[in-house]
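J.: Quick one: the structure is below, questions incoming.
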Amino acid sequence: MHIGVIPDGNRRYMEKKGVKSLFSSYDMGITQFHDFLTWCQSRGVDEVTIYALSLENIVNRDSLEIKTLLSVFNDNAVKSLEDKRIHENEIMIRICGDKAALTAIKGVGGLGDQLIENLSRLEEATKDYNRLKLNLAIGYGGRQEIVAAARKTVDAGKPVTAENIEENLWVSSHPDLIIRT
Numbered sequence: 007m008h009i010g011v012i013p014d015g016n017r018r019y020m021e022k023k024g025v026k027s028l029f030s031s032y033d034m035g036i037t038q039f040h041d042f043l044t045w046c047q048s049r050g051v052d053e054v055t056i057y058a059l060s061l062e063n064i065v066n067r068d069s070l071e072i073k074t075l076l077s078v079f080n081d082n083a084v085k086s087l088e089d090k091r092i093h094e095n096e097i098m099i100r101i102c103g104d105k106a107a108l109t110a111i112k113g114v115g116g117l118g119d120q121l122i123e124n125l126s127r128l129e130e131a132t133k134d135y136n137r138l139k140l141n142l143a144i145g146y147g148g149r150q151e152i153v154a155a156a157r158k159t160v161d162a163g164k165p166v167t168a169e170n171i172e173e174n175l176w177v178s179s180h181p182d183l184i185i186r187t
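With positions in the sequence shown counted from 1, the corresponding number in the numbering used here is that position plus 6.
Pasting the structure below:
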């Protein structure tokens, strides 16, 4: 089973709980997501995709909020390299999205580059795990995924067909359930 998760309203929820710090708000959301992954594994879920940051949000959100999100993601990527839950539970982590868009973000002081570097290290460290696949859709847009798949198909010298496009998607399996929080 493949579950897709679209986190929404995290900031509003944390404000109701009295959490004032944007960083703490997003960090607590990631902690809850780790608990969700544990639950998924206990229920036999094979794959989880989290729509962590859309390309649209990179463009449309306030630069302070984007900088905060990138900081939280970066800190958690570094922590995850040593997180026993990731390694003991053999969670394969894959990055799905436009990495170039993250490195091109203005006003974040190189955080996009740091994040890509640390996520790539995490992806490499978990590439042989197979008990749960976690797709981090970061810098992700559906149209961009299709364009990237078409380019990859053409670069491989194959005809552009639905089957060949599907083979080259960032997330190749279709979610059975999508949860918007």
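Glycine included, C-beta positions come from ideal geometry on N, C-alpha and C.
Excluding the 5 residues preceding and the 5 following K90 in the sequence, name in chain order all residues of the same chain whose CB lies nearer than 6 Å to its CB.
T.: Result list for K90: empty, nothing under 6 Å.
J.: Under 9 Å between the Cβ atoms of C46 and L125?
T.: It is not a contact, given that the beta carbons lie outside the stated cut-off.
J.: Buried or exposed: where does K73 fall if 16 or more other Cβ atoms within 10 Å of its Cβ makes it buried?
T.: Classification of K73: buried, given that the 10 Å Cβ count is 16 or more.
J.: Can you find the residues in the same chain that come closer than 7 Å, C-beta to C-beta, to I64, ignoring five residues on each side of it along the sequence?
T.: Excluding positions up to five away in sequence, the list reads I72, A107, I111 and G145.
J.: Grab the span of the alpha helix (DSSP H) containing E88 for me, first residue to last.
T.: It spans S69 to E88 - the alpha helix (DSSP H) in which E88 sits, taken as one unbroken run.
J.: DSSP on T55, reduced to helix/strand/coil?
T.: Residue state, collapsed to three classes: strand.
J.: Check whether the Cβ atoms of L59 and R100 sit closer than 9 Å, and answer yes or no.
T.: It is not a contact, given that the beta carbons lie outside the stated cut-off.
J.: Over what stretch of residues does the alpha helix (DSSP H) that includes V136 continue unbroken?
T.: It is worth fixing the name first, because residue 136 is Asn in this sequence and not Val. Looking at the DSSP string, N136 is not in any alpha helix (DSSP H), and its letter there is neither H nor E.
J.: Exposed or buried, what is T132 when buried is set at 16 or more other beta-carbons lying within 10 Å of its beta-carbon?
T.: Answer is buried; the Cβ neighbour count reaches 16.
J.: May I have the straight-line CA-CA distance separating K164 from Q150, to the nearest angstrom?
T.: Looking at the two C-alpha atoms, the distance is approximately 19 Å.
J.: Assuming S86 contacts L128 (C-beta within less than 8 Å), just tell me the rounded distance between them.
T.: The Cβ separation is near 6 Å, so the contact holds.
J.: Please state the DSSP three-state secondary structure of L28.
T.: Helix, per DSSP.
J.: So if DSSP puts A143 in a beta bridge, which residue, or which two residues, is it bridged to?
T.: In the DSSP output, where bridge partners are listed per residue, A143 has Y57 and C102.
J.: Is I111 helix, strand or coil by DSSP?
T.: Here I111 sits in coil by DSSP.
J.: Roughly how many angstroms lie between the CA atoms of A156 and F39, to the nearest whole one?
T.: If you take the alpha carbons of A156 and F39, they lie about 32 Å apart.
J.: Could you spell out where the alpha helix (DSSP H) holding R157 opens and where it closes?
T.: Looking at the DSSP string, the run of the alpha helix (DSSP H) that includes R157 is G148 to D161.
J.: Classify E21: buried if its beta carbon has 16 or more other beta carbons within 10 angstroms, exposed otherwise.
T.: Counting Cβ neighbours within 10 Å, E21 comes out exposed, since fewer than 16 surround it.
J.: Would you identify the three-state DSSP class for V177, choosing helix, strand or coil?
T.: Reduced to three states, the DSSP call for V177 is coil.
J.: Just how far apart, CA to CA, sit A143 and I152?
T.: C-alpha separation (whole angstroms): 14 Å.
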